[in-house]
Every structure is written in C-alpha cells, then in structure tokens.
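A.B. asks:
Number of protein chains: 2
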Amino acid sequence: MARAAARQGMRKSEATRLRILDAAARVFARRGYADTRLSDIAEEAGTFAGSIYYHFESREELVEAVLTLGVTGVFEAVRTRVEALPPGSSHRTRLTAAIETHLAFALTQDPFATANQRLFAQVPADIRQRQIHLHRAYGEYWRKLLEGARRAGEIRRDLDLSVLRLQILGAVNWTVEWYKPGKRSIEQIAAQLATTIFDGIAA
Amino acid sequence: MARAAARQGMRKSEATRLRILDAAARVFARRGYADTRLSDIAEEAGTFAGSIYYHFESREELVEAVLTLGVTGVFEAVRTRVEALPPGSSHRTRLTAAIETHLAFALTQDPFATANQRLFAQVPADIRQRQIHLHRAYGEYWRKLLEGARRAGEIRRDLDLSVLRLQILGAVNWTVEWYKPGKRSIEQIAAQLATTIFDGIAA
DNA sequence: GTCTATAAAGCGATAGAC
DNA sequence: GTCTATCGCTTTATAGAC
Numbered sequence: 003m004a005r006a007a008a009r010q011g012m013r014k015s016e017a018t019r020l021r022i023l024d025a026a027a028r029v030f031a032r033r034g035y036a037d038t039r040l041s042d043i044a045e046e047a048g049t050f051a052g053s054i055y056y057h058f059e060s061r062e063e064l065v066e067a068v069l070t071l072g073v074t075g076v077f078e079a080v081r082t083r084v085e086a087l088p089p090g091s092s093h094r095t096r097l098t099a100a101i102e103t104h105l106a107f108a109l110t111q112d113p114f115a116t117a118n119q120r121l122f123a124q125v126p127a128d129i130r131q132r133q134i135h136l137h138r139a140y141g142e143y144w145r146k147l148l149e150g151a152r153r154a155g156e157i158r159r160d161l162d163l164s165v166l167r168l169q170i171l172g173a174v175n176w177t178v179e180w181y182k183p184g185k186r187s188i189e190q191i192a193a194q195l196a197t198t199i200f201d202g203i204a205a
Numbered sequence: 003m004a005r006a007a008a009r010q011g012m013r014k015s016e017a018t019r020l021r022i023l024d025a026a027a028r029v030f031a032r033r034g035y036a037d038t039r040l041s042d043i044a045e046e047a048g049t050f051a052g053s054i055y056y057h058f059e060s061r062e063e064l065v066e067a068v069l070t071l072g073v074t075g076v077f078e079a080v081r082t083r084v085e086a087l088p089p090g091s092s093h094r095t096r097l098t099a100a101i102e103t104h105l106a107f108a109l110t111q112d113p114f115a116t117a118n119q120r121l122f123a124q125v126p127a128d129i130r131q132r133q134i135h136l137h138r139a140y141g142e143y144w145r146k147l148l149e150g151a152r153r154a155g156e157i158r159r160d161l162d163l164s165v166l167r168l169q170i171l172g173a174v175n176w177t178v179e180w181y182k183p184g185k186r187s188i189e190q191i192a193a194q195l196a197t198t199i200f201d202g203i204a205a
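Residue numbers (our numbering), protein chains in the order written: chain A, 3 to 205; chain B, 3 to 205.
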C-alpha cells in the first residue's frame, strides 16, 4: 500500500491530492526524472495534466513532495524498527535491522522511497539543495548508529566512518537500479549485504 | 587530460567533434542529464548549439557517444591495470587494483567515466537499452575476477556473486555522487573500500 | 565548417466553461 | 473540483548565409 493512501474520511480534494502524489511516486520511480511528464502522472492518477494544478503549484512542488515523503518515510521506518529491538541488542543486530528495513522499503514497500532513491541524484541542483537537510538528518542517524557500534567495540577503529556510511548506503541504494522481484528475496539480499559488510568476503 | 583529446594531425572537423565530445562529457558529468542543454555544451566547447549538428545527428547521438566512451574507457583502464600486475599476484591484489582503477577513473581522471556513471541511471529506457551490452561486458569482466578469486579459495563460497558484484560496483559508483577533491585522496578511499570488502568492519 | 535566424515540437502552465 | 482548450516558453533541430 502506498504511504499517502490513507484516505478515510477526508475531503475530496485531499483525497485527490494524495492520489496524484501516489501516481507521481510510482511513475517517477519507474521512469526517472527526465522521462516523466505531467501527462504521464495524470494518466496514472486517472485525471488530466491541467487538473494537477488545482492541487500543486508546479511540477517542482510535486517532485519535492514525493522526495520529502520518500526520505522521511524510510527514516521513520528504519528508526522505528531499530528502536523496537530488544534492549541490549548488539550493534550488529541494530545495523543489520537498519539495512534490512531500508532495503525493503526502497525495493518493494514504498514507491516514494524508490522514487527518492532514484531521483535525488537526477534532479536539478536547486531542488536537491532544498532537500539536502532531510538527507543530512537521515545520514546523521546512520552516523550515530556507526559511532555507537564503534564505541561499543563492535567495529574496527581504523575506519573513516563517513566513507563507511556512504559505502553502505551506496551499495544499498544502488539495488534499486538492478533489483527485479522474483529471483532473490529482499531478505536474502539484505542478509548477504549485512554479513559481507561485517565479516568481509575473504575466505 | 580528456580521453578524446588526442588531436595531433587530424582533420579540423574531427578535432572539433572531439572538442564537443569532451565538452559534453564535462557538462553531463557536472549537471546530469535532465539539466544539460545543447547550448550549455556548445558554450563549454566554444561554439554554438546549431553548429553541433554538423558533427552529431542529434542530442541522443551525442549522449550515447559520451556513454560509450565512458564505459569502454574504464573497462580498458581496469583490464590494462589488472593484466599489468606481476604474474601470480593474489586475487585480492587483482580485485584491489580493479577497485582502485575504476575509482580513480570515475572520480578524477576521465569526465567520460564520471558522466557515464551519473547518466546511465538517468537516461530514458531506450538509450539505456542500446548501451546495455557494453555494461554487461564490463560486468562480465568483474564476474570473472570474482569467480577467479572464489576458485582460488580467496573468497567465501557461500556468497551470491551477482549480488556481491553489484554491491561492490554500487559502493564504488556511488562515490561520484559525494566525492569532493581535497579532503580525502582517492587512494585512501579505495584502500578503505578494499579492506572493508575483504575483511569486513567487525572488530 | 561555422554562424545566425528561424522553424517545429514538446511540455509546463493558465483560463474559463461546466 | 475537474475538464478542455490554448498560451507561451524552452529547446531541439534545420536552413541558408558566409
């Protein structure tokens, strides 16, 4: 189910706005930024390009709304999952849970997350600029996860944590460019990512 | 020096064509696909948008030429470097060299490589389709590197090599989105990537 | 071969009917 | 609130002068 789709008992206009947002997230996730027209989004939403302007000021506003919901959704999901772990869980368990949740969200559960992942590197610099604080906040969360693990002695002391964080998120984010449902489960992919990140690939 | 810039003793038209190609690679690498106009490229090349059409049929042809030079250039550089290693070098050495070379090329040495990395996920599906065989060939090369390492007993037998390959290339490719010259050297980043991939991050 | 002018097309955005 | 018609800008692409 799409994240914006809780439409019970709301004004008609609000419901339509969310329908357009959902449609935009799906189309952007599928075709990327440059190859998506307002008419594509309208068609996916069962309306017309001109009608979108009753709900959104511009194409940019629509894109930015999708990006914002994407990054905040993943952030919330990851934090919720990590905080729900039994107290005293190892940092390895915490990091593995974060990787799994981020991956599941980005790959199958949320078109906003997928769209955000694909689009963030594609949109013009001014749009990216207005989104950067949200990405930084999420990055900060990961930095704390990694710092916690290091303080607890669960990861090596000789690593640059910024590079490590970008390395992990790079590998995780790149999956949206190649993952096709069916062949491998998300859990399998997440498990291999987690084990190779912690234990390496050397025999 | 840009890869297409060997202009000694060639026809004027050929030289201009290469000047436009270099300019296109730099602008695409900097601004991405959606945010780059032919007029931007023309300006970078010291000419005019209309003049580009004497050398290229269309914007698409220009983009595709940049993408092709990008991926083939990295492929050649990596293969050359790996093959230049002393015979009997360990597979770890070979993989580390491949990571280093790919990274150096993508981050600083070649705007075509940078552009290819950034643009491949951004261009419309039909363009990507026409490039996919080149990417597959490069992916095949990595697959063989990893298979060789596994056969030699240098990496674990329980890993899905496709996921591993995409994980490594994902982490490496993502660097073009965050790397800024100055703070850390390419060698430092490559070294940390290689050591964490092989040995993991666990203390 | 390169420049200037302009045509042609696509698409975001607006206006007004309903 | 939504639809249809259309405007106007942007950008690719072409034509023709030099």
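Ideal placement from N, C-alpha and C gives every residue a C-beta, glycine not left out. Quantities reported herein were computed from a predicted structural model and do not represent experimental measurements.
According to a CB-to-CB cut-off of less than 7 Å, which residues of the stretch 21-43 of chain B neighbour chain A?
C.D. replies: G34, Y35, A36, D37
A.B. asks: Any idea what DSSP makes of I203/B, helix, strand or coil?
C.D. replies: coil
A.B. asks: Beta-carbon of Q124/B versus every beta-carbon of chain A: anything under 9 Å?
C.D. replies: yes
A.B. asks: Examine the ligand ADP and report whether any of its heavy atoms sits within less than 8 Å of the Cβ of I101/A.
C.D. replies: Looking for the ligand ADP in the displayed structure turns up nothing, as the structure carries no ligands at all.
A.B. asks: What are the start and end residues of the alpha helix (DSSP H) that includes G11/A?
C.D. replies: Note, G11/A: premise wrong, no alpha helix (DSSP H); not H, not E.
A.B. asks: Taking the CB atoms as reference points, tell me whether Q124/B and G150/A lie closer together than 9 Å.
C.D. replies: no
A.B. asks: T95/B to R83/B, Cα distance in whole Å?
C.D. replies: 11 Å
A.B. asks: Can you tell me whether Q131/B is buried or exposed, with buried defined as 16 or more other CB within 10 angstroms of its CB?
C.D. replies: Under this definition Q131/B is an exposed residue.
A.B. asks: Do A108/B and V29/B have their beta-carbon atoms positioned less than 9 Å apart in this structure?
C.D. replies: No Cβ-Cβ contact shorter than 9 Å links V29/B with A108/B.
A.B. asks: Can you pull the DSSP bridge partners for I157/B?
C.D. replies: A204/A
A.B. asks: Look up K146/B in the DSSP assignment and say whether it is helix, strand or coil.
C.D. replies: It is helical.
A.B. asks: Which residues of the stretch 189-201 of chain B have a Cβ closer than 9 Å to any Cβ of chain A? Give them in chain order.
C.D. replies: Under the 9 Å Cβ criterion, the stretch 189-201 of chain B contributes Q190, I191, Q194, L195, T197, T198, I199, F200, D201.
A.B. asks: By alpha-carbon positions, which one of S164/B, I157/B, Y181/B ends up nearest to F200/B?
C.D. replies: I157/B
A.B. asks: Hey, is W180/A's beta-carbon within less than 9 Å of any beta-carbon in chain B?
C.D. replies: yes
A.B. asks: Assuming contact is defined by CB atoms lying nearer than 9 Å, are A1/B and L23/B in contact in what I supplied?
C.D. replies: Outside the modelled stretch of chain B, which goes from 3 to 205, sits residue 1/B, for which no answer is possible.
A.B. asks: In terms of residues, what are the limits of the alpha helix (DSSP H) holding L121/A?
C.D. replies: Here the alpha helix (DSSP H) through L121/A covers 113-121.
A.B. asks: Below 8 Å on the Cβ atoms is my contact criterion, and I expect H104/B with V73/B to pass it. Report the Cβ-Cβ distance as a whole number of Å.
C.D. replies: Actually they are not in contact, since the Cβ atoms of H104/B and V73/B sit about 11 Å apart, beyond 8 Å.
A.B. asks: Could you tell me how far apart the beta carbons of I129/A and V174/A are, in whole angstroms, since I believe they sit closer than 8 Å?
C.D. replies: Not really, about 23 Å apart at Cβ, beyond 8 Å.
A.B. asks: So, is the C-beta of R186/A closer than 9 Å to a C-beta in chain B?
C.D. replies: True, the Cβ-Cβ gap to chain B drops below 9 Å.
A.B. asks: Which residues in the same chain have their Cβ closer than 7 Å to the Cβ of A115/A, if we skip the five residues on either side of it in sequence?
C.D. replies: Here the set comprises G72, G75, V76, F107, A108.
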